[in-house]
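Just below is one structure, and these are the notes that go with it.
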Amino acid sequence: MLFIFMGPSCSGKSSAAEELKKLTDAQIYSGKDYLRMDKNENNAWKLFEEILKEGCNNKDIHSKSIIYVISEKKDLVKLKFINDAITINFTADAEIIKSRFAKRMNGVLPKPVESMIDKQLLEWKDITAKLHVDTSKDSPSDIAKKIYHLGLMDNNV
Numbered sequence: 001m002l003f004i005f006m007g008p009s010c011s012g013k014s015s016a017a018e019e020l021k022k023l024t025d026a027q028i029y030s031g032k033d034y035l036r037m038d039k040n041e042n043n044a045w046k047l048f049e050e051i052l053k054e055g056c057n058n059k060d061i062h063s064k065s066i067i068y069v070i071s072e073k074k075d076l077v078k079l080k081f082i083n084d085a086i087t088i089n090f091t092a093d094a095e096i097i098k099s100r101f102a103k104r105m106n107g108v109l110p111k112p113v114e115s116m117i118d119k120q121l122l123e124w125k126d127i128t129a130k131l132h133v134d135t136s137k138d139s140p141s142d143i144a145k146k147i148y149h150l151g152l153m154d155n156n157v
């Protein structure tokens, strides 16, 4: 099963992915992790594309599931070949995302980073997905459980 977690930085995607992994033993890939597969970016993507396709073709949520976490909207173009993925759009209140990001930066959020976050929130606002989650309201564990049940229902397992 292939899960695509998408949304702005610090919206809770990775935290929910770790919780879902506990329920499914899925393999998690983030952003450009696929570059580790080959020195040539095109070759690396082709190899990763095969892994994603295998995840799509697998209907057993407990066997060889893949979670792909993306924060860059432009990366969605590469996923046009995907038809059977379970897509989840993550968001959170802007101030919560800024607070999470500031923690990553030793408590200081530079103005350019704050602007980048505002831009990302707008970019991801109207994305089509099977599930939309707001991590301002639900814990990563609760979100993972929702996604898990969606995976069970989506593939009639």
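Going by UniProt numbering, the letters in the sequence shown line up with residues 1 to 157, in that order.
Where a beta carbon is used, it is the ideal one built from N, C-alpha and C, also for glycine.
This structure is a prediction, so every number in the text was calculated from the model and none was measured.
{"Check": "For Glu123, would you say it is in contact with chain C, using Cβ-to-Cβ distances shorter than 8 Å as the test?", "Outcome": "Of the protein chains in this structure there is only one, and it is not chain C."}
{"Check": "Excluding five sequence neighbours on each side, which residues of the same chain lie with their C-beta closer than 6 Å to the C-beta of Thr91?", "Outcome": "Gly7, Ser11, Asp134"}
{"Check": "Where DSSP assigns a beta bridge to Ser141, which residues make up the other side?", "Outcome": "Partner(s): none; Ser141 has no beta bridge."}
{"Check": "Measuring straight from C-alpha to C-alpha, what distance separates Ala17 and Val69?", "Outcome": "8 Å"}
{"Check": "State whether the segment 120-140 contacts the segment 77-84, with contact taken as three or more CB pairs (one from each stretch) at a distance under 8 Å.", "Outcome": "no"}
{"Check": "What's the C-alpha gap between Tyr148 and Glu72?", "Outcome": "24 Å"}
{"Check": "Would you call the segment 25-32 in contact with the segment 61-68, where contact means no fewer than 3 C-beta pairs closer than 8 Å?", "Outcome": "yes"}
{"Check": "Starting from Thr87, trace the beta strand (DSSP E) both ways and give me its first and last residue.", "Outcome": "86-91"}
{"Check": "Under a three-way DSSP split, which group does Ser71 fall into?", "Outcome": "coil"}
{"Check": "Tell me the start and end of each unbroken beta strand (DSSP E) in the segment 7-71 that is at least 3 residues and wholly inside, in chain order.", "Outcome": "27-30, 66-70"}
{"Check": "Could you check how far apart the C-beta atoms of Met1 and Gly55 are, in whole angstroms? I think they sit under 8 Å.", "Outcome": "6 Å"}
{"Check": "Please confirm whether Leu20 and Ile86 have their CB atoms less than 8 Å apart.", "Outcome": "no"}
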